[in-house]
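2 protein chains.
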Amino acid sequence: MGERGGLDEFALIARLFAPLAAGSPGALGLTDDAALIDGPDGWQWAVTADAIVAGVHFLSDDPPELIARKLVRVNLSDLAAMGAKPAFMLLCACFPVDVGGGWLDRFASGLKTDCETFGVALIGGDTVATPGPLTLALTALGQVAKDHSLLRSNARSGDDIWVSGSIGDAALGLLVARHGGGTLPEEAAAFLLERYRLPRPRIALGQALVGLVHAAMDVSDGLVADLGHICDASGLGAEIEAARLPRSPAAEAALAAGLGQGPVTLMTGGDDYELLFTAAPEAAAALMALSARLDLRLTSIGRMIDGAGVRVVGPDGAALDLSSAGYRHFTG
Amino acid sequence: MGERGGLDEFALIARLFAPLAAGSPGALGLTDDAALIDGPDGWQWAVTADAIVAGVHFLSDDPPELIARKLVRVNLSDLAAMGAKPAFMLLCACFPVDVGGGWLDRFASGLKTDCETFGVALIGGDTVATPGPLTLALTALGQVAKDHSLLRSNARSGDDIWVSGSIGDAALGLLVARHGGGTLPEEAAAFLLERYRLPRPRIALGQALVGLVHAAMDVSDGLVADLGHICDASGLGAEIEAARLPRSPAAEAALAAGLGQGPVTLMTGGDDYELLFTAAPEAAAALMALSARLDLRLTSIGRMIDGAGVRVVGPDGAALDLSSAGYRHFTG
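Line by line, the protein sequences give chains A and B. Its first residue numbered 670, the first sequence is counted upward by one per residue in the numbering used here. Its first residue numbered 670, the second sequence is counted upward by one per residue in the numbering used here.
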């Protein structure tokens, strides 16, 4: 980050913007997946906003339907991480002046698909021209029972650390997108690409975790970096075992084919949009039953401990050194 | 617009995005100043989102404090137009990678000033890098009594048409910014520039108009274009008199000095962020009392009539021809 004037996203938010949130408890210090504002009848609205830029978060020649759907899904993943049920969104779209009608139709069609898939309505926004790259900002709102949303700050010492689905697929998918799959079987390459291009926000899981787990967030910056956020917010440390990270068969094949940097890619790669959460050991049976009901893998990968920071234990029992603990937007 | 592939903002929204709002009454067909979602205890949240781009909506060497404050104010003006009390905002900021720490501090300082001025807290958002121009998207939320917000669609035939403050200042201020003030006295030039750079959202007025007037919106695209939106939404026509448009002394001086195109600039220039509203003739006395209480000029400029579209009557009683009825983003 140093090279670019210290423009680390987290430091920026803490220094410049967090003071503007002071006095609003629902802002959660700008450190959670979404903010909370009062809704009707014992509910709250979880509100989140994310921006994506061509050439940074996606490629300008990516299929327009997929750009739209990824935008929606990335935001809904934040709502899932709060345990909220998605309801509404507002879109600010900055279109390059040479964007064509066909492109726009395909973009809108992608939005429509995912509005229908997730039961979300577009209720507002803005459409402007830009001399720069296509830039999209989406605000999403979802309902959650008042004072029951999943927060990053609620982890307790001794909690098991869990993660949904499989980890590292998206980072490997990005490598496939950039450099091709090499000797990787076509089916595995396609699976990883899909995991990168079209995340599956864990909305049903998020809602089911309310009341069952302590802390939660979604994995967007990389497992270790994101677990670090739970540690910071909860005033605790974490210890996870590299060997317990859930890998998809395609990820196993990719690592075997030499893509990525082994376990480091799994632990620091971003964009998985799985849920990372902590729960009392007594919740394990209920979580396994939930996993069966949702047909979604849930894996315990370690434990919250007193202290600070994330320690990753390798197969030999020694701590792994992760030189780069997660994706940072300003160094992307 | 034809030259750019038909990228008219209003047509775009109607064709591509309005179908995604169908079934959500609070979206108001994406045609009002903000959407409405349920809040606590008989209140609703008015929610609006606007994006601004360097080189399109402001100049990249504009003072960073002013860029921040205009962004906030443009959004709060939408809330004012709904009769809502501003409460929260979320900011998506796409910063060029070469933006400096000093610039960011000044930008945040501008945000802070207006958060304090208007009693608004920043509760979320996103900070990303862009290879393109500085791009900012703000979502603002304000409270309004349930089913009492001011809508564009509520005008009635025979209503008087009113506007707050003075009209055309911002368009003339933009001319001063671009071409200098010419023979215009310095004080007048400074007034017009300020009106362009730092709009004053009519928040107290908006809240006071709830229950007193029928339809309302803010003047951002130009008086005639915006009145046209009220006509469209209400299924009515409008007739206004050019001579009754409220002009500031500085605007009078600017027109006398040859800036702009006379009354056409007043009627088609954007960015005034005054409130335009319609009310039964019987409400006139209450509105004049409100004007006195708020120390804010309120002027009746015409009447809603059966029919469609806006007719502007010149000093000689004949209809004026306005070749360009308002600012369009994609032709900016």
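Note that the Cβ used here is the ideal one computed from N, Cα and C, for glycine as well.
A straight line joining the alpha-carbon of P918 of chain B with that of G929 of chain B spans about 15 Å. For L689 of chain A, the chain B residues whose Cβ falls inside 8 Å of its Cβ are A777, L780, K781, C784, A790, L791, in order along the chain. Per DSSP, L862 of chain B has no beta-bridge partner at all. In this structure H726 of chain A is buried. Its beta-carbon is surrounded by 16 or more other beta-carbon atoms within 10 angstroms. F946 of chain B is bridged by DSSP to B:W831, B:A885. Between D702 of chain A and A750 of chain A a beta carbon distance of about 4 Å is seen, short of the 8 Å cut, so the two are scored as contacting.
Under the three-state reduction of DSSP, R821 of chain A is assigned to helix.
Counting along the chain, the unbroken beta strand (DSSP E) around G971 of chain B starts and ends at 967 to 974.
By the Cβ neighbour-count rule, R916 of chain B is buried, with 16 or more other Cβ atoms within 10 Å of its own. Chain A places no beta carbon closer than 7 Å to that of L803 of chain B, leaving this residue out of the contacts. P950 of chain B is positioned such that its CB atom lies no closer than 7 Å to that of D838 of chain B. Under the Cβ distance rule, A809 of chain B does not count among the residues neighbouring chain A, no pair being separated by less than 7 Å.
Taking the C-beta atoms as reference points, S969 of chain B is found nearer than 7 Å to W831 of chain B. Cβ contact annotation for I736 of chain A (same chain, cutoff 6 Å, sequence separation greater than five): F727, in chain order. Listed along chain B are A720, C761, A806, each with a C-beta nearer than 7 Å to that of A806 of chain A.
Of all alpha-carbon atoms in A:A894, A:D767, A:G931, A:I706, the one lying nearest the alpha-carbon of L844 of chain A is that of A:G931. Taking a Cβ-Cβ threshold of 7 Å, none of the residues of chain A is close to S818 of chain B; the smallest such distance is about 13 Å. Legend: CB atoms of the region 735 to 749 of chain B lying less than 7 Å from CB atoms of chain A are not found in any residue. Rounded to the nearest whole angstrom, the C-alpha separation of G938 of chain A and L892 of chain A is 7 Å. Pairing T804 of chain B with T808 of chain A gives a Cβ-Cβ distance that is not under 7 Å.
Pairwise C-beta distances place the region 708 to 725 of chain B out of contact with the region 766 to 780 of chain B, as fewer than three of them are shorter than 8 Å.
Residues M886, D887, V888, S889, L945, G995 of the same chain have their beta carbon placed closer than 8 Å to that of D895 of chain B, with the five preceding and five following residues left out of the count. L905 of chain B is positioned such that its CB atom lies closer than 7 Å to that of S826 of chain B.
Note: F757 of chain A is bridge-paired with A:A790, A:L810 in the DSSP secondary-structure output. Distance from the CA of G897 of chain B to the CA of D730 of chain B, rounded to the nearest whole angstrom, comes to 34 Å. Per DSSP, Q930 of chain A is not a residue of any alpha helix (DSSP H), being assigned neither H nor E. Exposed is the label assigned to M957 of chain B, since fewer than 16 other Cβ atoms lie within 10 Å of its Cβ. Excluding sequence positions up to five before and after S818 of chain B, its CB lies within less than 7 Å of the CB of L705, Q713, A715, M751, G752, A753, all in the same chain and listed in chain order. Across the region 875 to 908 of chain A, no CB contact with chain B closer than 9 Å is found for any residue. Counting of Cβ neighbours within 10 angstroms places A840 of chain B among the buried residues, the total reaching 16 or more. Taking the Cα of M973 of chain A as reference, the smallest distance to any Cα among A:G986, A:T947, A:A954, A:L780 is reached at A:T947. For the 7 Å CB-CB criterion, A902 of chain B and R821 of chain B form a contact. Contacts between V813 of chain A and chain B, judged by CB atoms closer than 7 Å, are missing: the closest CB pair is about 14 Å apart. The beta-carbon separation of R980 of chain A and E908 of chain A, rounded to 5 Å, stays under the 8 Å limit for a contact.
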